[in-house]
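Q: The structure's right below; bear with me while I get my questions together.
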Amino acid sequence: MSTFSDRLRDARAHRGWTQKELAEISGLTPSAIGNYESGQRIHPSGTALLKLAQVLNVSPVWLGEGDASAVHPAPTPRYPQSSSTDSRWPFRNIDFARYSQLKPQQKRQLEILVAAYIESCGA
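Note that the sequence shown ends on residue 753 in the working numbering; no numbers are left out.
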């Protein structure tokens, strides 16, 4: 894919997300996503590029320039294993106390991301 617009559209479609969902998850505006995909805005800021690459799980170099593998290797945990003893908390590498500190909008973005992943797995 030769343009940023094409790569962004392809990565978003690969996730099965709408432009609005990508905007919510990335924290960018729906109009920014639409403008990037239509080519009205050719290059995002460095911060926007990093946000998009992170939520789409692609290399920022690939997304911005088209040079590199589109998919990151499996992420390594940023935090030690959860100390939560609640068997209902499904994330071993995310401490529930840290999750509890998120703002409601951040929790909703995380919920959308997890739901999209589960759906993409066919579960």
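Every residue, glycine too, gets a C-beta built ideally from N, C-alpha and C.
#1: With burial defined as no fewer than 16 other Cβ atoms inside 10 Å of the residue's Cβ, what is the status of V685: buried or exposed?
#2: Given this structure, state the Cα-to-Cα distance separating A727 from S717, to the nearest angstrom.
#3: Looking only at C-alpha atoms, which of F721, L693, K650 sits nearest to G676?
#4: Assign H644 to one of three DSSP states: helix, strand, or coil.
#5: Looking at the unbroken alpha helix (DSSP H) that takes in T677, where does it start and where does it end?
#6: Within this structure, are the beta carbons of L682 and L638 separated by less than 8 Å?
#7: What did DSSP end up calling L658 once you bin it into helix, strand or coil?
#8: Hey, how far is the Cα of S632 from the Cα of G696?
#9: So does the region 740–753 actually touch the region 645–654, counting three or more Cβ pairs closer than 8 Å?
#10: Output the distance between the C-alpha atoms of I748 and R645, rounded to the nearest integer angstrom.
#11: Measure the Cβ-Cβ separation of F634 and I672 and say whether it is below 8 Å.
#12: Please check the pair A678 and L658, which I expect to be a contact at CB under 8 Å, by giving their CB distance rounded to whole angstroms.
A: Short version:
#1: buried
#2: 15 Å
#3: L693
#4: helix
#5: 676–686
#6: yes
#7: coil
#8: 7 Å
#9: yes
#10: 11 Å
#11: yes
#12: 6 Å
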